[in-house]
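Colleague: Handing you this structure, nothing more for now.
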Amino acid sequence: MEKLDKSNHTQCTGIIRPVQDALDVLNGKWKLPIIVALLHGYKRFSEISKQVPGITDRMLSKELRDLEMNQLVKRSVYDTFPVTVEYTMTKYGETLNDVIAALHVWGENHRKRIFGDDLLKQPVNKDHLG
1 MEKLDKSNHT QCTGIIRPVQ DALDVLNGKW KLPIIVALLH GYKRFSEISK QVPGITDRML
61 SKELRDLEMN QLVKRSVYDT FPVTVEYTMT KYGETLNDVI AALHVWGENH RKRIFGDDLL
121 KQPVNKDHLG
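Below is the structure:
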């Protein structure tokens, strides 16, 4: 492998760093499914939990806090009895629409390339996600 001089290393770091930042925010088994659920409007905790099968309440709570900390999700608490808590994507979080759409297209193309047309129509097997 060719050794990079300082300017090439700086350029490479400048290209990779934003991608790594994005991956750090979206990393994990649950973040994208939660985001996709919330892109369709306000949801209560239990609604998100139903739309993201297999996630525990503890993990959902942690992931929602992480997404809120990164300003992608807004948590709204309403003074009702019992207290109502809803989650929605922020305007900033909605900027992920195009990213998710691009990942969807790339994933379909990759799946078709690797497995062929037949597997595109089969349901997703989430067992491998562990």
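For the sequence shown, position 14 (counting from the first letter as 1) is numbered 14 according to the UniProt record's numbering, and the numbering increases by one without interruption.
From the three backbone atoms N, C-alpha and C, an ideal C-beta is built for every residue, glycine too.
Since I believe leucine 26 is in contact with threonine 88 (beta carbons under 8 Å), could you give me their beta-carbon distance rounded to a whole number of angstroms?
Modeller: As a position in the sequence shown, residue 88 is number 88, starting the count at 1. As a position in the sequence shown, residue 26 is number 26, starting the count at 1. Not really, about 18 Å apart at Cβ, beyond 8 Å.
Colleague: I'd like the ranges of any alpha helix (DSSP H) spanning at least 4 consecutive residues and lying wholly in the UniProt domain "HTH hxlR-type" (12-115).
Modeller: Here the runs fully enclosed are 31-38, 45-51, 57-69, 91-94 and 96-115.
Colleague: Excluding sequence positions up to five away, which residues of its chain have a Cβ less than 7 Å from the Cβ of aspartate 118?
Modeller: In the sequence shown, the residue the question calls residue 118 occupies position 118. Closer than 7 Å at the Cβ level, and outside the excluded window around aspartate 118, lies no residue.
Colleague: Give every residue of the same chain whose Cβ lies closer than 6 Å to the Cβ of residue 158, excluding the five residues on either side of it in the sequence, and list them in chain order.
Modeller: The requested residue 158 is not part of the displayed model; the chain covers only 1 to 130.
Colleague: Is it the case that the stretch 45-61 contacts the stretch 13-23, given that we only count it when at least three CB pairs across the two stretches are under 8 Å?
Modeller: No, because fewer than three Cβ pairs between the stretch 13-23 and the stretch 45-61 fall closer than 8 Å, the two stretches do not touch.
Colleague: Taking leucine 103 as the reference, which of Ser46, Lys62, Leu32 and Gly14 has the closest Cα?
Modeller: Position 103 of the sequence shown, counting from 1, holds the residue named residue 103. Ranking Ser46, Lys62, Leu32 and Gly14 by Cα distance to leucine 103 puts Leu32 first.
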